[in-house]
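S.K.: Numbering follows this note's numbering, with no gaps: position 67 of the sequence shown is 70.
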Amino acid sequence: EYVPLCASSDVNSHVCAAPGGNGTQGSPFQYIQDGVNDAFPGDTIYVFNGTYSECVMIKYPLKQLDLIGESRENVIIDGGGSGDVVHVSADNV
């Protein structure tokens, strides 16, 4: 099962969560990481309800991003016990 998520800014808009998707609303990405990788500084990534089995890495050069879930109770990022679920790797963070 794939769960839609979306990134948007004033300039562009992405939706994230189907295999082979390109980040548009009609063809969303499958993973939050794909949305992070495709986002521009200042974008907001909206994560729709569902369970995401992944670890999200935000690396240098650091992008200023907002990750916002559709609901606090129903958006789950499950790293499978493999470490940090969301890892930010950059200086001065």
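From the three backbone atoms N, C-alpha and C, an ideal C-beta is built for every residue, glycine too.
For residue 29, which of helix, strand or coil comes out of DSSP?
M.R.: Note: residue 29 maps to coil in three-state DSSP.
S.K.: Using 10 angstroms around the beta-carbon of residue 78, count the other beta-carbons present and answer buried if the total reaches 16, otherwise exposed.
M.R.: Buried: at least 16 other Cβ atoms inside 10 Å.
S.K.: May I have the straight-line CA-CA distance separating residue 90 from residue 56, to the nearest angstrom?
M.R.: Their backbone Cα atoms lie some 15 Å apart in a straight line.
S.K.: Does any residue of chain C have a CB that is nearer than 8 Å to the CB of residue 33?
M.R.: Among the chains in the structure shown there is no chain C, since it carries only a single protein chain.
S.K.: Going by the DSSP bridge assignment, what does residue 2 pair with across the sheet?
M.R.: Nothing in the structure corresponds to residue 2, since the chain is present only between 4 and 96.
S.K.: Rounded to whole angstroms, what's the CA-CA distance from residue 84 to residue 58? Just pull it up for me.
M.R.: Computed Cα separation, rounded: 10 Å.
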